[in-house]
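Quick note: the sequence shown, position 244, residue 243 per numbering that gives the first Met the number 0, numbers continuous.
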Amino acid sequence: MQILANNINIEYEDFGKKTDPTILFIRGLGSQLIHWPSNFINGFVEVGYRVIIFDNRDIGLSARCPKKEISYSRENIISTIDAGEKITPAYSLDDMALDVVGLMDAIGIEKAHIFGMSLGGAITQVLLINHQSRLHSATIVMSSSKLSDPSRIKKIALKHNSREEYVENAVNESKIWGNLNFPVSEAYTRDLAGRAFDRGADSEAVNRQASAVYSFGDRRAALKLIDLPCLVIHGADDVLVQPEEGKEIASLIKSSEVKIIEGMGHEITPLLSPIINNLVHDFLMRRCNIL
């Protein structure tokens with residue numbers, strides 16, 4: 000479904016009863032609402048949650064947000080960094096957080112439990128800092144409080160010129176960032192990547208998201224002021240965002256909890272989903288009186 004939020008069109012899907020507690024899920028860089036495993040979504044609906052998922056700006060079926068006269072090709076991003084210059088962000092993570100607030104406004108949700116992974120975890124931090132009154136709780140997965148390291152941006156900048164190239168890149172990335180204990184088959188990755196490309200996954204748009212990550216800066220001081228139930232989840236085998244970075248977030252936010260999952264990398268797979276479901280549901284039952 001399309002809805003106007005923060006003056007752009009956002010694609011979203013809504014599951015469960017509207018009277019149930021709402022969890023809004025925010026995806027990571029370049030990924031789409033279809034990347035949430037179906038058993039992950041159903042696992043929350045079955046225990047009594049309303050689930051909202053959506054495509055971030057610049058991916059899937061949501062609006063494209065180019066910046067005039069600036070190329071966000073992988074080559075241009077890398078050459079800019081190698082020259083010691085700063086990347087001009089197409090927009091900020093504050094803008095992406097406002098997309099979430101705008102989506103909540105458009106749907107008619109005053110407050111929600113927020114779950115964000117990777118880039119979505121950074122957006123969740125911005126929501127905690129700037130829009131805490133709209134949150135019941137936050138779950139931050141595989142994220143960091145300081146994401147502007149140029150070497151990391153160079154790793155995640157994309158380039159693909161065809162569907163075939165995009166799918167091959169996804170297969171290779173799955174091998175690098177994937178889950179040792181919770182794997183997916185290559186056929187699963189290929190099918191999901193093909194469907195994602197068909198929905199919309201142009202590399203410059205994804206790199207514009209990366210430029211927003213680069214503008215994130217250091218939010219550690221601001222996180223120390225947060226007083227809201229917060230669960231931090233991280234994979235022990237995450238090689239893109241180190242588990243120590245997740246632990247640091249938990250150390251900054253008052254009364255937060257952290258769970259490090261052995262064998263988990265930088266993705267939520269169908270095999271991993273029940274573990275995440277149970278961790279989050281248990282946390283919300285204990286800390287937010289969810290029955």
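Note that the Cβ used here is the ideal one computed from N, Cα and C, for glycine as well. All figures in this text were calculated on a predicted structure; none of them were measured in a lab.
Would you say ARG63 and LEU157 are within 8 Å of each other, going by their C-beta atoms?
-> The residue given as residue 63 occupies position 64 in the sequence shown. The residue given as residue 157 occupies position 158 in the sequence shown. Going by beta carbons, ARG63 and LEU157 fall outside the 8 Å limit.
What are the complete beta strand (DSSP E) segments, minimum 3 residues, inside the region 36–69?
-> Complete beta strand (DSSP E) runs here, min 3: 49–53.
Where LYS223 and GLU164 are concerned, what is the direct C-alpha to C-alpha distance, given to the nearest angstrom?
-> Residue mapping note: residue 223 aligns to position 224 of the sequence shown, counting from 1. Residue mapping note: residue 164 aligns to position 165 of the sequence shown, counting from 1. Cα to Cα, the separation comes out at about 43 Å.
The region 68–83 / the region 25–45 touching (three or more Cβ pairs under 8 Å) = no
Excluding five sequence neighbours on each side, which residues of the same chain lie with their C-beta closer than 8 Å to the C-beta of LYS17?
-> The residue you call residue 17 lines up with position 18 of the sequence shown. Hits under 8 Å: ARG49.
Please determine, among ASN38, LYS66 and HIS34, the residue with the shortest C-alpha to C-alpha distance to ASN55.
-> Here residue 55 refers to the residue found at position 56 when the sequence shown is read from its first residue. Taking only the C-alpha atoms, the option nearest ASN55 is HIS34.
Decide yes or no for the touch test of the region 139–146 against the region 111–127: beta carbon pairs closer than 8 Å, at least 3 of them.
-> yes
Counting along the chain, where does the beta strand (DSSP E) carrying HIS112 start and finish?
-> Position 113 of the sequence shown, counting from 1, holds the residue named residue 112. From DSSP, the beta strand (DSSP E) with HIS112 extends over 111–116.
As assigned by DSSP and simplified to three states, the class of GLN208 | Here residue 208 is taken as the residue at index 209 of the sequence shown, counted from 1. In the structure shown, GLN208 sits in a helix (DSSP, three-state: H, G or I).
Is it true that the CB of GLY264 sits closer than 8 Å to the CB of ASN178?
-> Taking the first residue of the sequence shown as 1, we reach residue 178 at position 179. Taking the first residue of the sequence shown as 1, we reach residue 264 at position 265. Yes, these two residues count as a Cβ contact at 8 Å.
Cβ-Cβ distance between THR277 and PHE39 below 8 Å = Counting from one through the sequence shown, the residue named residue 277 turns up at place 278. Counting from one through the sequence shown, the residue named residue 39 turns up at place 40. For the sequence presented, residue 277 should be read as Asn rather than Thr. Using a Cβ distance threshold of 8 Å, ASN277 and PHE39 do not count as a contacting pair.
DSSP on LEU191, reduced to helix/strand/coil?
-> Here residue 191 refers to the residue found at position 192 when the sequence shown is read from its first residue. Note: LEU191 maps to helix in three-state DSSP.
Should ALA111 and HIS135 be called a contact, given that it needs their Cβ atoms to be closer than 8 Å?
-> Here the question's residue 111 lines up with position 112 in the sequence shown. Here the question's residue 135 lines up with position 136 in the sequence shown. Contact: yes.
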